[in-house]
Every structure is written in C-alpha cells, then in structure tokens.
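Input: a single structure, listed below in structure tokens.
In structure tokens:
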C-alpha cells in the first residue's frame, strides 16, 4: 500500500488549494468535511491506475480530487437522510450547522466536483465526464434502494448486493477506470480496471458491515452494532434468517420488531449470525469478490511492482479494522 | 412572444422522452415536478437565441432541457429550505413524499441535467459546461445569501440586488448565453446576450416581488403577501425603511417583530410601501434593468424580426400578472 499511501499529501494539498480559493458561509461545511480525514481510497485508485500505466499522477490529480469531493458530498446528504450525528468521530454538518446548510453546501459541493473534474480538458474528458455523471446517478439510486429496504419486510441477498454495488462500489470502479482513461488504455482494459474497483468495492462494503457488527473498536465515531440496532437488512441478517431454526428466527424477528435495543439484542443477534454460519458465508462472499477483482486486475497486465500494490489493496479490505 | 411560445411543445416532448427512459421511485418526484408546468422561459431563451443567429433549435434543445431540469432541481431543494407546501398550486415534493425523497430526487435531477447537457458533444461543449457549472455554484450562493438575510437585521439595496442576481438572474443570463454559444457567436456578443438575460432576470425577480405583495390574484398556489408575512427584506421593504417617517418606521418594525400576521399587517405594510414611494422606486429600478437589457440586446444586432421578439420578452416582464 506504500505507493497508494504516498499520494495522500499531494492530494490533501490539492484539495486545500481548491478550497482556499473560495470563501463564504456556504463553503465552511465543505471545508469542514474535507478536513475530517478519511482513507482517500478512491483518489488513490485513480492516481495509482494512471501511474501504473505510465501517466504522471499530476495528470489525474484533478479527477482524483473531484471524486473525493463528490464522495464527501454524498456523505453530507446521506447523513441528513440517515439522521447520523457523527461522522469520523465529529459532528455531522446538519448537526453542527443545520439541515438547510447541509443540503445547500452539499449542492454546491456537487457542482464544485464538476468544476474540478473539468478543470483540465483532454482528449479523454468527454468519456470521463460521461462516466462521472453516470456514476453519480447510480450512487443516488443505490441510496434510494437503501432507504426503500428499510421499509420492506424482506430483502433478497441479490438485492442487497445490487444496493451496495450502486451505493458504494460503482464509485470505486469509476475512480479506477478514470485512472485507466487518463492513461489512454484501450476499452477492454478500462473495463477490467473498472471491474477490479467495483468488485473490490463489494468486498469493501461487506468489510464495513462486518466491522459494524463484530468490531471491538468503537472508533471513528461509529456506534458498535449500529446496523443491528437500526434493524438493517444486511447480508449477515439475510443469510442468518435463511439458515435459522424456528427459535433463532423468532429471536431475530422479535428483536427487529423495534428499533434500537440493548447489549442483549446485540449479543443475541451476533450469536445467531455465528451459529447459523451467516458470518462464514458472508466471509466467503467477500472472498469471492476479492477473487474476481484479482482476476480482472491480472487480465490487464501491469508491471509486477504495481500489480503487487493493487493486490495489497485487496488484502487491505479484509485486514482493515476501521 | 409568439416565437418563444412556439418552442414549448417540442421542449415538453423532449423532456418527456428523457423522463420516459427512467423508472423507479427516485424519478417519480422528478417526473412530478416537470409536469407541474411553468413558463419555460429559460429554455425559450436558449432556443430563441440560437435560432435568432441561424442555428436550428434542434441543436440547442438538449441544453434548453438541461437548464429547465437544473432550474426545477433548485426549486425542489429550495422548497425544503423554505418549508414551502405549495408549488404551482400543487403539493411540493417534500410534502407529497418526504424530506429525504426531495433531497435525493433533487440530487439525481442535478446529475441528470449534466447528462442531458452533455448528450450532444460539439466544439462549444467545454465552454457550455464551464458556464453551466459556474452558474450552478452562483445559484447556490444566491440561495445562501437569501437564507443569511433572513437572520440579519438589515440588508442594503445593493446586497438584495446581488442576491437576486445570483439566485435568479445568472441562470437566465447563462440560458441566453448558451444559445449564443451554440450559434458560435464571438465572445463579445455572447457576453452581451448574457447581460440581456441577466438584466432581464433582475426585472423578472422584481416583478415576482411586486406580484407577491400587490397582486390581487391568489393564483399559482402562492400565498398573497407571502413576502410580507415572512418578513422578507425585499427591495420594497428596504426602500420603505429608508424613506419612512418615524411613525411608519415603527409600524413596519412592529409588524416585522413576528413572523406571519393578518390582513391588517398586509394592509399597513402595503400602504407604507405606497406612501413612502418605495413602490415607485422599485418600478424605476425595474425599468432601469429592462433598459440595460435592451441596450445589450441592441448591441448584438440580430434581425429586426428576432429583436422584436426579444424586446417583447422584456415588456412581458412588467406586464405579466403571474
């Protein structure tokens, strides 16, 4: 991950420069959320892909920054919809300011991401913009599915996967593919790099779900077991219900009758996720997506040094604890 | 206005086609707001400007539609922030659905406007997109100023004008300028057409303010005197305070102590707006902007037939009663 991590400083400087050009109340929440930190995985994928194919990271920095801005815009609006009070351990924008400010600063942030991604016209600009706009719409549709699932009684595993693919993975796929576009790779290779990012994105989101439910670390300002307390129909939940005994099924459904809950709810549900082997099955699914990502990566044929780097990004997905 | 009005059918068909390609819950509010009607003044300006300079309206239809989509996206989010329950006589999206749906459908609508404006690449695409993105940010900043003014004790006339310029006028300017860009006019003429739209936009918003305060028609689902009831610091209010006697000043400030109010508040404030000649002064300012718009228009030199059409759009601003 050394190469990927090495981009962080230049990226932060680039984003700071973009932000320092703007003043006024509307940009305060934008500056705030952009300084809360984060893994900056998406921009690293853009920069790394371009560089792996011989294109200086300077040529894709604006795209990398735009993707990170867009990603943070979605967080800003999602936090309103999810009524989340914390983001990376700090107050969310709609709490620190108010709802209207979060809506409006989010809107200008979306426009700003278009400004930044369009700031260096090139032969690939049209294709990059097309992908950006398509991806933005898919992310919105993913968020819609997530909201719709909350109101439904049951969700199928395939539906859940499609939701996280749209809400999370396509942006990782697009970030990677844009690096490939800047490096002027042929269509097939761009597609393979997209699939690498997309399949990794599925494993990434599954890891988030696993950490939410099983992590002992209450870090990053997230509530441990938040998905269980909010009765989220995650893959763990879906698989557990499929394999549950009548008694286990009753325990799950009783607990999921009401939102919130206590340590007993968490302990019961975690226990059933293990006993029904839902946890094992979810880990298998995660491994499957990482395997797919690896296959797509290896079909492209980058230098061994870079391939190693992209493989380490895959291992990172199951190793990370936050 | 005949030529401008003649575009409406083709535009509606174009928008309907765009929308009919999409399905799912997220697009329902988008389809809803796009069928509520409206003057479609912005797209008419784009189409008319392009055609006035010999470019078929077919070549600018996607831009015209994108601008109308963007405009309606801003209405969708503004209605949440303004807590408006009616839009064109119908329930607003956040009332008919809910807040989260209005946020999310607005977001995808913004992305959709980028898809539509990018759907026909041409030599002018980069410049058109740059203007679109710049304008989108300005509109957000205008909305921010509008929100900030609510919390302030006093607002200067210049500040109010700058707010409506950003919130409303720049999009009219951009709509007009994009028509000029499609027609490949030189920079100076593009700027002049922008100024025509922008200055007309100021007169347009002032007319909206006048109608809100003085119109006898309670149509379009707006509340008569809404600005007064909401204690909005419009140009009428600013000028009235400037010219008020001590007694009139006390009456205004007493009434504006609390939000809402009754027929007495409306009658008192309307009376003072007339007595202090604030109404006359606002009309003069409106005439000034229409005069500026006319000057810019005539500097461009289009055919007499078309110039007449663009002049009639100016007269329409003071004649319209809704």
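Protein chains in written order, with my numbering: chain U, 335 to 656; chain G, 335 to 656.
We put the CB at the ideal spot given by N, CA and C, even for glycine.
* For residue 564 of chain U, three-class secondary structure by DSSP -> Here residue 564 of chain U carries a coil assignment [DSSP, helix/strand/coil].
* Which runs of the alpha helix (DSSP H) fall wholly inside the region 509–561 of chain U and span at least 4 residues, in chain order? -> 521–548, all fully within the region 509–561 of chain U.
* Determine the burial state of residue 340 of chain G: buried for a count of at least 16 other Cβ atoms within 10 Å of its Cβ, exposed for fewer. => Of the other Cβ atoms in all chains shown, fewer than 16 fall within 10 Å of the Cβ of residue 340 of chain G; this residue is therefore exposed.
* How is residue 575 of chain U classed by DSSP in three states: helix, strand or coil? -> The answer is helix: DSSP assigns residue 575 of chain U an H, G or I state.
* **Meets three-Cβ-pair contact criterion under 8 Å: the region 388–404 of chain U and the region 432–440 of chain G** => The region 388–404 of chain U, when compared against the region 432–440 of chain G, does not touch it at the 8 Å Cβ threshold.
* Asked: By DSSP, does residue 478 of chain U sit in helix, in strand, or in coil?
  -> Residue state, collapsed to three classes: helix.
* Asked: From what residue to what residue does the alpha helix (DSSP H) around residue 376 of chain G run?
  -> 375–386 is the extent of the alpha helix (DSSP H) around residue 376 of chain G.
* **residue 532 of chain G versus residue 631 of chain G - alpha carbon distance** => Looking at the two C-alpha atoms, the distance is approximately 11 Å.
* Does the separation of the CB atoms of residue 342 of chain U and residue 374 of chain U fall below 7 Å? -> Yes.
* To do: Would you kindly report the start and end of the unbroken alpha helix (DSSP H) that includes residue 439 of chain G?
  => First-last of the alpha helix (DSSP H) with residue 439 of chain G: 433–451.
* Would you list the one or two residues that DSSP bridges to residue 424 of chain G? => DSSP lists G/421 as the beta-bridge partner residues of residue 424 of chain G.
* Asked: Which bits of chain U does residue 580 of chain G rub up against, with CB to CB less than 7 Å?
  -> Chain U residues near residue 580 of chain G: none, gap ~34 Å exceeds 7 Å.
* Local Cβ density within 10 Å of residue 504 of chain U, reported as buried at 16 or more and exposed below that -> Counting Cβ neighbours within 10 Å, residue 504 of chain U comes out buried, since at least 16 surround it.
* Which residues mark the beginning and the end of the alpha helix (DSSP H) in which residue 363 of chain U is found? -> It spans 362–368 - the alpha helix (DSSP H) in which residue 363 of chain U sits, taken as one unbroken run.
* Is the CB of residue 462 of chain G under 7 Å away from at least one CB in chain U? -> So no, residue 462 of chain G is outside the interface.
* Among U/363, U/378, U/367 and U/459, which residue has its Cα nearest to the Cα of residue 509 of chain U? -> The residue with the shortest Cα to Cα distance from residue 509 of chain U is U/378.
* To do: Compute the Euclidean distance between the alpha carbons of residue 652 of chain U and residue 619 of chain U, then round it to the nearest angstrom.
  => Approximately 12 Å between the Cα atoms of the pair.
* **chain G contact residues for residue 467 of chain U, given Cβ-Cβ distances below 7 Å** => Neighbours of residue 467 of chain U on chain G, chain order: 445, 448, 449 and 452.
* Nearest to residue 474 of chain U (by Cα), restricted to the options U/501, U/424 and U/621 -> Ranking the options by Cα distance to residue 474 of chain U, first place goes to U/501.
* Please decide whether residue 377 of chain U counts as near chain G, where near means a Cβ-Cβ distance under 7 Å. => It does not: the Cβ of residue 377 of chain U has no partner Cβ on chain G nearer than 7 Å.
* Asked: If you pair each beta-carbon of the region 591–610 of chain U with each one of the region 346–355 of chain U, do three or more pairs fall below 8 Å?
  -> Output reads no: the region 346–355 of chain U does not touch the region 591–610 of chain U.
* To do: Just the chain G side, please: which residues come within less than 7 Å of residue 664 of chain U by C-beta, in chain order?
  => No information on residue 664 of chain U is available, as it lies outside the stretch 335 to 656 that chain U covers here.
* Measure the beta-carbon distance from residue 494 of chain U to residue 586 of chain U and round it to whole angstroms, keeping in mind my assumption that it falls under 8 Å. => Their Cβ separation, rounded to whole angstroms, is 16 Å, which puts residue 494 of chain U and residue 586 of chain U out of contact at 8 Å.
* Pick out whichever of G/626, G/429, G/588 and G/612 has its Cα sitting closest to the Cα of residue 547 of chain G. => That would be G/612, whose Cα lies nearest to the Cα of residue 547 of chain G.
* To do: Give the residues of chain G in contact with residue 414 of chain U, contact being defined as C-beta atoms less than 7 Å apart.
  => Per Cβ cutoff of 7 Å: 437.
* **6 Å Cβ shell around residue 338 of chain G - same chain, five flanking residues per side excluded** => 378 and 382.
* To do: Under 6 Å Cβ to Cβ from residue 539 of chain U, same chain only, skipping five residues before and after it: list those, please.
  => Excluding positions up to five away in sequence, the list reads 498 and 502.
* **Contacts around residue 465 of chain U, its chain only, beta-carbon distance under 6 Å, and the 5 residues preceding and following it disregarded** => Cβ within range, chain order: 508.
* Three or more C-beta pairs closer than 8 Å, one from the region 348–364 of chain G and one from the region 415–425 of chain G: is that the case here? -> Contact fails: fewer than three Cβ-Cβ distances are below 8 Å.
* Would you tell me roughly how many angstroms separate the C-alpha atoms of residue 450 of chain U and residue 352 of chain U, rounded to the nearest one? => Take the alpha-carbon of residue 450 of chain U and the one of residue 352 of chain U: they are about 8 Å apart.
* Asked: Per the contact definition of three or more C-beta pairs closer than 8 Å, is the region 480–487 of chain G in contact with the region 477–490 of chain U?
  -> Contact between the region 477–490 of chain U and the region 480–487 of chain G is absent: fewer than 3 CB-CB pairs across the two stretches fall below 8 Å.
* At a Cβ cut of 7 Å, what residues of the region 381–415 of chain G count as close to chain U, listed as they run along the chain? -> Flagged, chain order: 411, 414 and 415.
* Mind checking the region 345–370 of chain G against chain U and listing, in chain order, the residues whose C-beta falls within less than 8 Å of any C-beta there? => 358, 359 and 360: these are the residues of the region 345–370 of chain G whose beta carbon lies less than 8 Å from some beta carbon of chain U, given in chain order.
* To do: Determine the direct distance from the alpha carbon of residue 391 of chain U to that of residue 467 of chain G, and round the result to whole angstroms.
  => Their Cα atoms are separated by approximately 25 Å.
* Asked: How far does the alpha helix (DSSP H) with residue 372 of chain U in it reach, from first residue to last?
  -> Here residue 372 of chain U belongs to no alpha helix (DSSP H), and DSSP marks it neither H nor E.
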